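Student: One structure, pasted below without further comment.
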Amino acid sequence: MKKFENGTAGIVKEPVLGIWGYSSDAPEVAHHDSGAALIADGRVLAAVNEERFTRNKNEGRWPQASIRYVLDEAALDIKDVALVGMAGLSPLPRAVVMGTELLRAFLRTGSFLPNRWLYALLTAKKLRRVPPAGTRCGVRFVDHHTAHAASAFFTSGFERAAVVTLDGIGDSAWCGGVWRAQGTRLECLRRFTGYASPGLLYSYVTKSFGFRPARHEGKVTGLAAYGDPERLLPEFRGCLSYCNRRLYSDFIPTLFRARVDAEWESSWIDRLLDSHSREDIAAALQRHTEEIVVAIVKDAVEDTGLEDVAVAGGVFANVAVNRKVRENISGRLWIHPNMGDGGLGLGAACFAARTHVSFPDVFLGPSPSPAEEPRPPDFIPKNPARFLAEAVAAGRVVGVVRGRMEYGPRALGHRSIFVKADDASINESLNRRLKRTEFMPFAPIMTETAARRFLRNWNPGDRPSRFMTITYDVTEDCRRAAPAVVHVDGTARPQVVSGDEDPFLKEFLEEYGRLAPGGSGSYGGGAGTEIVVNTSFNVHEEPIVCSVEDALRSLERGAVDLVLTDKGVYGSPAEWEEIS
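If you count by the working numbering, then the sequence shown holds residues 1 to 580, one letter each, in order.
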């Protein structure tokens, strides 16, 4: 078995592979967002989720293509790996923790949960955790929420922090936990039972609204801004509570009587829907979720005695929740950018090796391969950043495929669609082209200069704003200059770009600022108007594009007017000739 070569400050020199995913014959409901990550010498060498290769949204099966990619990116073979960390428990430990939580839930609520539990046990034998063929090193299994906690802390850059994880349920037992993190040590202070899960309650309402749970919760978050939370807040407080550092619910255990979420009991939510609007229900759910999460985080800060906070888990995909957390702590906040199960592979690698990794950006996936491009570009601009700025300023919808693909659910400029933000109607027209139904506007990408002008209480040290994981109140200037990115509640979910992180994006935005309305260029503009719409390059229910071929399929369907790659521009001459 290979041995580690440890560097200073807990940095592992040898390559460590992290994996999240089960065997190919595991039931689809058991898992989602499988993937792999490779770390070494304090860096993330590569990280990706399997959906980008299979083109199956939220793919959860064994991440064979992801494992192959991260090893190839580092020019390594599986035999070169010093350690494998695998997220999620194997069948026997999983059954033990599941049975323990089952008994606890029964003693608290009197509700026996045979169907979900027995189904999980009957399918457990298919949840095989077999390391890749050819592995010659040790394998460490990391439970679901410890992997989440590790993904948050070991990428945070903090020397010590209070760590909180929350999601629907992990390893069929827990929905979250609190850790005291210092150096390379993660000390678990408490875990929260999955039978009183805020994430499951949110998914339950998501399904009841006709959306897909564990995928469309963001639609409910967007809808919440249109409702009045006060009318139904007592209902949700009675359904799920947080007291004495524990979560309690008499209702959520009843959901486990169903074998799968498609069979969830619905009389409670049906009663609410009979007499209340979806907007008011969503608003009350959102407010209640914010209250619970903030209370958990504040207790974590108090119990650890640490001001900085690092979080992960699907609940922290909720950008409005993240904003409330930030407003209620005195220290720094780090939200792991791949906060859902897609981040478990990296978390498992970091925890298995007990190592910190630098995390300056999320560009950890594959680059477009010239050999794989189906045809030469239609046009090669002299200055791609300026061409992109001129195309967007001229009203084109431009898809971009450049450099290494983003790790995580947010497109941050390498697999993005850019559109000008000065017309609020773009939300309707672009959603129609992308076949999306959303209740939240598109997110903006902007320079630091624009952020100072358009975002209230923003400062350059706000790392979550680099990764589009938090909302800010916007200024009146922003409402006037970029109405397409402002939600009904007066907030926006920004990506703020600095030149050090991505010179191309900064140049593009600065060029656009000179061209936008009111400035010196042919379209007007000026400093501080360096803001455009940035949405992920994918149509509804498809993963974000990975390759140029994926992007050209979207171009052929009319989802975008132009595609800009590292090699050039694709699209009809009518779309680019007047710009070039």
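Glycine included, C-beta positions come from ideal geometry on N, C-alpha and C.
Quick caveat, the model's predicted, so the values are computed rather than measured.
Quick check on the DSSP output: the beta strand (DSSP E) that includes P444 runs from which residue to which?
Tutor: To locate residue 444, count along the sequence shown from 1; it is residue 444. Looking at the DSSP string, the run of the beta strand (DSSP E) that includes P444 is A443 to T447.
Student: Please state whether DSSP places S208 in a helix, a strand or coil.
Tutor: Position 208 of the sequence shown, counting from 1, holds the residue named residue 208. In this structure, S208 counts as helix in the three-state DSSP scheme.
Student: Within 10 angstroms of the Cβ of D502, are there 16 or more other Cβ atoms? Answer buried if so, exposed if not.
Tutor: Numbered from 1 along the sequence shown, position 502 holds the residue referred to as residue 502. Buried: at least 16 other Cβ atoms inside 10 Å.
Student: Tell whether a beta-carbon distance below 8 Å holds between L562 and G571.
Tutor: Residue 562 sits at position 562 when you count from the first residue of the sequence shown. Residue 571 sits at position 571 when you count from the first residue of the sequence shown. The answer is yes: Cβ separation under 8 Å.
Student: Looking at A484: is its Cβ nearer than 8 Å to the Cβ of I426?
Tutor: Sequence index remark: in the sequence shown, residue 484 carries index 484 (1-based). Sequence index remark: in the sequence shown, residue 426 carries index 426 (1-based). Contact flag set, yes.
Student: Among the candidates K435, V419 and A574, whose CA atom is the shortest distance from the CA of V533?
Tutor: Sequence index remark: in the sequence shown, residue 533 carries index 533 (1-based). When each option's Cα is compared against that of V533, the closest is V419.
Student: Considering only DSSP beta bridges, list what T165 is partnered with.
Tutor: Locating residue 165 in the sequence shown gives position 165, counting from the first residue. Per DSSP, G177 and A312.
Student: What's the C-alpha gap between N115 and A421?
Tutor: Here residue 115 refers to the residue found at position 115 when the sequence shown is read from its first residue. Here residue 421 refers to the residue found at position 421 when the sequence shown is read from its first residue. Low confidence applies to N115: its pLDDT is 49, below 50, so where it sits in the model is not reliable enough to give any reading.
Student: Evaluate P198 with the Cβ neighbour count: other Cβ atoms within 10 Å of its Cβ, from every protein chain shown; 16 or more gives buried, anything less gives exposed.
Tutor: In the sequence shown, the residue the question calls residue 198 occupies position 198. Buried.
Student: Determine the direct distance from the alpha carbon of D270 to that of S277, and round the result to whole angstroms.
Tutor: Working through the sequence shown from its first residue, we reach residue 277 at position 277. Working through the sequence shown from its first residue, we reach residue 270 at position 270. Each residue's alpha carbon lies about 11 Å from the other.
Student: Three or more C-beta pairs under 8 Å: does that hold for the segment 143-160 against the segment 281-291?
Tutor: Three or more Cβ pairs closer than 8 Å define a contact, and the segment 143-160 falls short of that threshold against the segment 281-291.
Student: In whole angstroms, give me the CA-to-CA distance for V582 and R332.
Tutor: Nothing can be reported for residue 582: it is not among the residues displayed for the chain, which extend from 1 to 580.
Student: Does the segment 353-363 come close enough to the segment 224-237 that 3 or more CB-CB pairs lie under 8 Å?
Tutor: No, because fewer than three Cβ pairs between the segment 224-237 and the segment 353-363 fall closer than 8 Å, the two stretches do not touch.
Student: Going by beta carbon distance, what residues of the same chain come within less than 7 Å of R237, once the five residues before and after it are set aside?
Tutor: By one-based count along the sequence shown, residue 237 stands at place 237. Closer than 7 Å at the Cβ level, and outside the excluded window around R237, lie H288.
Student: Is it a yes or a no for the segment 445-460 touching the segment 374-381, going by three-plus beta-carbon pairs under 8 Å?
Tutor: no
Student: Taking the alpha carbon of D423 as the reference point, which residue from V319, V486, S66 and E73 has its own alpha carbon closest?
Tutor: For the purposes of this step, residue 423 is identified with residue 423 of the sequence shown, where counting begins at 1. Taking only the C-alpha atoms, the option nearest D423 is V486.
Student: My output table needs one value for R140: the three-state DSSP class, helix, strand or coil.
Tutor: Counting from 1 along the sequence shown, the entry for residue 140 is found at position 140. R140: strand per DSSP, three-state reduction.
Student: Out of S156, R375 and A225, state which residue places its alpha-carbon closest to the alpha-carbon of R553.
Tutor: What you label residue 553 is simply residue 553 of the sequence shown in a count that begins at 1. Comparing C-alpha distances from R553 to each of S156, R375 and A225 shows the shortest one belongs to R375.
Student: With H, G and I counted as helix, E and B as strand and the rest as coil, what does DSSP make of G170?
Tutor: Counted from its first residue, the sequence shown places residue 170 at position 170. G170 sits in a strand when the DSSP states are folded into three classes.
Student: Pull up the CB-CB distance for T565 and V401, whole angstroms please, since I reckon it's below 8 Å.
Tutor: Indexing the sequence shown from 1 puts residue 565 at position 565. Indexing the sequence shown from 1 puts residue 401 at position 401. Yes, they are in contact, since the Cβ atoms of T565 and V401 sit about 5 Å apart, within 8 Å.
Student: Taking 8 Å as the cut-off, decide whether the C-beta atoms of M405 and R396 are in contact.
Tutor: Locating residue 405 in the sequence shown gives position 405, where the first residue counts as 1. Locating residue 396 in the sequence shown gives position 396, where the first residue counts as 1. It is not a contact, given that the beta carbons lie outside the stated cut-off.
Student: In chain order, what residues of the same chain lie with their CB nearer than 6 Å to the CB of Y523, ignoring the 5 residues before and after it?
Tutor: Sequence index remark: in the sequence shown, residue 523 carries index 523 (1-based). With a pLDDT of 41 at Y523, under the threshold of 50, the predicted position of this residue should be treated as unreliable, though the coordinate-derived value follows. Contacts found: A393 and L515.
Student: Flag this pair as yes or no: are the beta carbons of S429 and A312 separated by less than 8 Å?
Tutor: As a working note, residue 429 is residue 429 in the sequence shown. As a working note, residue 312 is residue 312 in the sequence shown. Their beta carbons are not under 8 Å apart, which means S429 does not touch A312 by this criterion.
Student: For a quick check, are the C-beta atoms of E73 and A46 less than 8 Å apart?
Tutor: Here the question's residue 73 lines up with position 73 in the sequence shown. Here the question's residue 46 lines up with position 46 in the sequence shown. Cβ atoms of E73 and A46: closer than 8 Å.
Student: Which residues mark the beginning and the end of the beta strand (DSSP E) in which T535 is found?
Tutor: As a working mapping, residue 535 is identified with position 535 in the sequence shown. T535: member of the beta strand (DSSP E) spanning I531 to S536, first to last residue.
Student: Please report how far the alpha carbon of Y204 lies from the alpha carbon of G177, in whole angstroms.
Tutor: To locate residue 204, count along the sequence shown from 1; it is residue 204. To locate residue 177, count along the sequence shown from 1; it is residue 177. Just so you know, the alpha carbons of Y204 and G177 end up roughly 21 Å apart.
Student: Within the continuous beta strand (DSSP E) that includes R191, where are the two ends?
Tutor: Sequence index remark: in the sequence shown, residue 191 carries index 191 (1-based). That run of the beta strand (DSSP E) goes R185 to T193.
Student: Going by other Cβ atoms of all chains shown within 10 Å of its Cβ, with 16 needed for buried, is R482 buried or exposed?
Tutor: Here residue 482 refers to the residue found at position 482 of the sequence shown. In the sequence on display, residue 482 carries Ala and not Arg. Burial call: buried.
Student: Please return the same chain residues whose Cβ sits closer than 6 Å to the Cβ of P573, not counting the five positions on each side in sequence.
Tutor: For the purposes of this step, residue 573 is identified with residue 573 of the sequence shown, where counting begins at 1. If we look at P573 and ignore the five residues flanking it on each side, it has no Cβ neighbours.
Student: What's the gap between the Cα of I292 and the Cα of T221?
Tutor: The count along the sequence shown starts at 1 and reaches residue 292 at position 292. The count along the sequence shown starts at 1 and reaches residue 221 at position 221. Their backbone Cα atoms lie some 16 Å apart in a straight line.
Student: Looking at the structure shown, is E406 part of a helix, part of a strand, or coil, going by DSSP?
Tutor: For the purposes of this step, residue 406 is taken as the residue at position 406 of the sequence shown. Correct three-state label for E406: strand.
Student: Quickly, what does DSSP pair M86 with across the bridge? List them, please.
Tutor: On the sequence shown, position 86 is the one that residue 86 refers to. Its beta-bridge partners are I19 and F141.
Student: Is V548 closer than 8 Å to P368 when the C-beta atoms are compared?
Tutor: Translated into positions along the sequence shown, residue 368 becomes position 368. Translated into positions along the sequence shown, residue 548 becomes position 548. Yes. Within cutoff.
Student: Can you give, in chain order, each stretch of the beta strand (DSSP E) that sits fully within the segment 422-469 and has at least 3 residues?
Tutor: If only uninterrupted beta strand (DSSP E) runs of at least 3 residues are considered, those enclosed by the segment 422-469 are 443-447.
Student: Assuming contact is defined by CB atoms lying nearer than 8 Å, are Y195 and S156 in contact in what I supplied?
Tutor: The residue you call residue 195 lines up with position 195 of the sequence shown. The residue you call residue 156 lines up with position 156 of the sequence shown. In this structure, S156 does not lie closer than 8 Å to Y195 by Cβ.
Student: So, for L122: in the same chain, excluding its five sequence neighbours on each side, which residues have a beta-carbon less than 6 Å away from its beta-carbon?
Tutor: Here the question's residue 122 lines up with position 122 in the sequence shown. The pLDDT assigned to L122 is 49, lower than 50, so where the model puts this residue is not dependable, and the model offers no usable value.
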